[in-house]
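Novice:
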Amino acid sequence: MSDTINIEQAILENLRSLSHDKQQEVLDFVEFLVQKTANQKHLVNEAVSKPQKRLSLQEIARLPIAERHKILEPFIAATAEDFLTDTELTEFSVLDGEDWEIEAPTNGIRGYKNEVRLRGLTENQGL
Numbered sequence: 519m520s521d522t523i524n525i526e527q528a529i530l531e532n533l534r535s536l537s538h539d540k541q542q543e544v545l546d547f548v549e550f551l552v553q554k555t556a557n558q559k560h561l562v563n564e565a566v567s568k569p570q571k572r573l574s575l576q577e578i579a580r581l582p583i584a585e586r587h588k589i590l591e592p593f594i595a596a597t598a599e600d601f602l603t604d605t606e607l608t609e610f611s612v613l614d615g616e617d618w619e620i621e622a623p624t625n626g627i628r629g630y631k632n633e634v635r636l637r638g639l640t641e642n643q644g645l
């Protein structure tokens, strides 16, 4: 309990030293955390309390947009958090030193890596 009091005291002391705009940012962030926590608890409670038919991604895609949003809304915050923190989801942004994007060849034909298609034949450019 004393840890909680110490945390609250430290937050209050630091909060008082901030400008009104920064205090508002802190408040917005705290409200975001509270909402995120409530959404996660709601998801757990909903999953436990009422087993319902789970729709496949294809079934969800066929629904009207408003219905899709109702189904997906509870998962958005958790999904965004996963993409920010889960290294397996963020590793794709590191290209391991390879050139995955290249400029179009000067002949105007678009290719991948060092490969250009000429009259149906493949020829290495040797860059």
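In my numbering, the protein residues as written are 519 to 645. Where is the CB? At the ideal position from N, CA and C, for every residue including glycine.
Measure the C-alpha to C-alpha separation of LEU581 and LYS588 and round it to an integer number of angstroms.
Specialist: Translated into the one-based positions of the sequence shown, residue 581 becomes position 63. Translated into the one-based positions of the sequence shown, residue 588 becomes position 70. Distance between the alpha carbons of LEU581 and LYS588 is about 11 Å.
Novice: What residue ranges within the segment 545-606 form continuous alpha helix (DSSP H) runs of no fewer than 4 residues, ordered along the chain?
Specialist: List check, alpha helix (DSSP H) in window: 575-580 and 583-603.
Novice: Go ahead and pull the three-state DSSP assignment for SER520.
Specialist: As a working note, residue 520 is residue 2 in the sequence shown. Three-state result, SER520: helix.
Novice: Kindly list the residues whose CB is nearer than 8 Å to the CB of LEU639, restricted to its own chain and excluding five residues on each side of it in sequence; keep chain order.
Specialist: Taking the first residue of the sequence shown as position 1, residue 639 is located at position 121. Bear in mind that the predicted position of LEU639 carries a pLDDT of just 47, short of 50, making it too unreliable to give a figure here.
Novice: Where does LEU530 sit, in a helix, a strand or coil, going by DSSP?
Specialist: Locating residue 530 in the sequence shown gives position 12, where the first residue counts as 1. LEU530 falls in the helix class under three-state DSSP.
Novice: Near GLN541, what residues of its chain come up, given a Cβ to Cβ distance below 8 Å and the 5 sequence neighbours on each side ignored?
Specialist: The residue you call residue 541 lines up with position 23 of the sequence shown. Result list for GLN541: LEU533, in chain order.
Novice: For ALA584 versus ASN557, is the C-beta spacing smaller than 7 Å?
Specialist: By one-based count along the sequence shown, residue 584 stands at place 66. By one-based count along the sequence shown, residue 557 stands at place 39. Not a contact, by the Cβ cut-off of 7 Å.
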